[in-house]
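Below: the structure, in structure tokens.
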Ligand SMILES: [Zn+2]
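Residue numbers (this note's numbering): 27 to 367.
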């Protein structure tokens, strides 16, 4: 296997580590060293090819979880990843303090600014009692948001969620969500759902084929599957990452998807796209297997073009932030805020 370097492999521009992040970072290092957390090297893409192009060497924390794009199908995957058997330990002990930089915070992605959240206007049911499952529900903000949309329309909604974090589940339970500790296969014990939410979860899976087989068990023919991931082709619009690929890349994301690369994977699993955008927000449904393989379209060129656009914007943003005038303005604003307090 030969790695090619792109210009996106730049010097480290990660985020500074505060006390909580530093402790999580040190624990991660210790657990990898003592093999409590196992690491695998990725040599083959989901599509079977192994002609990768390196995109980054480090993640946003400076950890050596670089990423690579498959030149055949365009799916972006990590060079090394945490083994599935270590995931529970990783999410229980390291993930939240490392990502959020503070203890006890499970409330990410709480705002729904989209005009049609979850594409709910496209979900129709013949019955008035529906069940919603959320995989990786955290404190349950998203499942409650979607449930309230249907409850306002007169539906009775049963809400069930799973997560690895027991502390997050305690919060969800208090909010009248039936909870299961674990992943999709544990949620399957509760039966099937009319809607399954996988929001900022799919990019964390280690084995996509296993994940889709487990997902299939959660749905019936008329179920809707809402999958949301941080779309790689949308990086030029993602200010939260400073439009910078290094900032976007994080050790917990085993894959970076575009709308096309996600659709390719889901089609392989027997799921059909109803609607979607590059954000990425998508709605899928179960379909007859093997009917989509002929529609396979490589996501490679579009993603490389999008990364180039984001890179131009990121450089411009960096120049702007580093300019004398902007720094001067920030200092003045800070001085005024301090004076008011
Ligand atoms: Zn591939």
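The beta carbon of each residue, even a glycine, is placed where N, CA and C say it ideally should be.
In the three-state DSSP reduction, residue 199 falls in the helix class (H, G or I). One Cα belongs to residue 243, the other to residue 216, and the distance between them is close to 11 Å. A direct Cα-to-Cα measurement between residue 256 and residue 105 gives close to 19 Å.
When the five nearest sequence neighbours on each side are left out, the beta carbons in the same chain lying within less than 8 Å of the beta carbon of residue 322 are those of 99, 290, 293, in order along the chain. In the three-state reduction of the DSSP assignment, residue 216 falls in the helix class, which pools H, G and I. The stretch 142-155 makes no contact with the stretch 55-67, as fewer than three CB pairs between them are under 8 Å. Residue 123 sits buried, since 16 or more C-beta atoms from the chains shown fall within 10 Å of its C-beta. Apart from the 5 residues on each side of it in sequence, residue 97 sits with its Cβ closer than 8 Å to the Cβ of 75, 77, 78, 79, 326 in its chain, given in chain order. Under the three-state reduction of DSSP, residue 80 is assigned to strand. Following the DSSP letters along the chain, one finds residue 307 inside the beta strand (DSSP E) bounded by residues 307-312. Residue state for residue 328 is assigned as helix, using DSSP reduced to three classes.
Membership of residue 94 in the beta strand (DSSP E) is indicated by the continuous run 93-96. In the three-state scheme derived from DSSP, where H, G and I count as helix and E and B as strand, residue 282 is classed as strand. Each of 71, 72, 73, 75, 96, 98, 99, 101 has a C-beta closer than 6 Å to some heavy atom of ligand 1; these make up the full list, in chain order.
Membership of residue 57 in the alpha helix (DSSP H) is indicated by the continuous run 45-59. For residue 333, the closest alpha carbon among the candidates 267, 278, 356, 349 is that of 267. A residue is called buried when at least 16 other Cβ atoms come within 10 angstroms of its Cβ; residue 59 does not meet this threshold and is exposed. Taken atom to atom, the span from the alpha-carbon of residue 229 to that of residue 101 is near 11 Å.
DSSP links residue 290 through a beta bridge to no other residue.
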